[in-house]
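Student: Quick one: the structure is below, questions incoming.
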Amino acid sequence: MSSTNSKDKDKPSKRIEYRGKNVRVSRTGGVSATKTFKGDGIGATINTKHGLRLHKRLFKGARMGFQNGNFQFIGRYKSGPFNFNVSKNGLSTSLKNKRGSYNIFKPNYSSFKLGGVQVRGKNAATFQMIYMVIILFVNFIKVFWHIFISFLWFGFLSIKWIVDFTIGFFKGFKEIDS
-5 MSSTNSKDKD
5 KPSKRIEYRG
15 KNVRVSRTGG
25 VSATKTFKGD
35 GIGATINTKH
45 GLRLHKRLFK
55 GARMGFQNGN
65 FQFIGRYKSG
75 PFNFNVSKNG
85 LSTSLKNKRG
95 SYNIFKPNYS
105 SFKLGGVQVR
115 GKNAATFQMI
125 YMVIILFVNF
135 IKVFWHIFIS
145 FLWFGFLSIK
155 WIVDFTIGFF
165 KGFKEIDS
């Protein structure tokens, strides 16, 4: 069995699970059945593992509700490489890159993936910091290289303009004398 809800359909699935419309069977989570009832921004979900959840959409990316008598508030917002999560317990922001994500406020929630192996937690935060420092160093070299080439090109064009101007000036001055 394999997952059918991959974000990229071209990549092979890494999880061993079956996800149907109302049933999910996975290697680690077992079997659970779910049914959701939705109405104008209000919804109810019944799940065999997590019980009953009543929720209301506040605005795009934010919802609040009750699950098993406990209040929930979840807000998610994405802008570029940054992800922002708001809950009743606080605020979290993470920086996403092609090797995973580094959670700025809660580093132990970071992830790092290399060669198909995913690491989470404290080790992932360490690997992410090493990766980001290397990428920062490489990008600094690229920026300084482009600045150096730009100054070199600007200097060459300035000297070429001065030489062309001087040659044109003396040719024009000779034509006036003759």
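For the sequence shown, the positions run -5 to 172 when our numbering is used.
C-beta atoms are modelled at their ideal positions from N, C-alpha and C, and glycine is treated no differently.
For serine 81, tell me which candidate among Ala27, Tyr71, Leu89 has the shortest Cα-Cα distance.
Tutor: Numbered from 1 along the sequence shown, position 87 holds the residue referred to as residue 81. The shortest Cα separation from serine 81 among Ala27, Tyr71, Leu89 belongs to Tyr71.
Student: Please classify arginine 21 as buried or exposed, where buried requires at least 16 other C-beta atoms within 10 Å of its C-beta.
Tutor: If you number the sequence shown from 1, residue 21 lands on position 27. With fewer than 16 Cβ atoms within 10 Å of its Cβ, arginine 21 is classed as exposed.
Student: Any idea what DSSP makes of phenylalanine 99, helix, strand or coil?
Tutor: For the purposes of this step, residue 99 is taken as the residue at position 105 of the sequence shown. Phenylalanine 99 falls in the coil class under three-state DSSP.
Student: Grab me the residues of phenylalanine 106's own chain with a C-beta within less than 6 angstroms of its C-beta, minus the 5 sequence neighbours each way, in chain order.
Tutor: As a first step, residue 106 must be located in the sequence shown, where it is residue number 112. Closer than 6 angstroms at the Cβ level, and outside the excluded window around phenylalanine 106, lie Arg93, Gly94, Val113, Ala118, Phe121, Gln122.
Student: Judging by CA-CA distance, which residue of Lys54, Leu52, Leu48 is the nearest neighbour of phenylalanine 60?
Tutor: What you label residue 60 is simply residue 66 of the sequence shown in a count that begins at 1. It is Leu48.
Student: Quick check: what's the CA-CA separation for threonine 160 versus isoleucine 135?
Tutor: By one-based count along the sequence shown, residue 160 stands at place 166. By one-based count along the sequence shown, residue 135 stands at place 141. Going from the Cα of threonine 160 to the Cα of isoleucine 135 covers about 37 angstroms.
Student: Using a threshold of 9 angstroms, state whether the C-beta atoms of lysine 54 and threonine 39 are closer than that.
Tutor: Start at 1 with the first residue of the sequence shown, and residue 54 comes out as number 60. Start at 1 with the first residue of the sequence shown, and residue 39 comes out as number 45. No, Cβ-Cβ distance for lysine 54 and threonine 39 is not below 9 angstroms.
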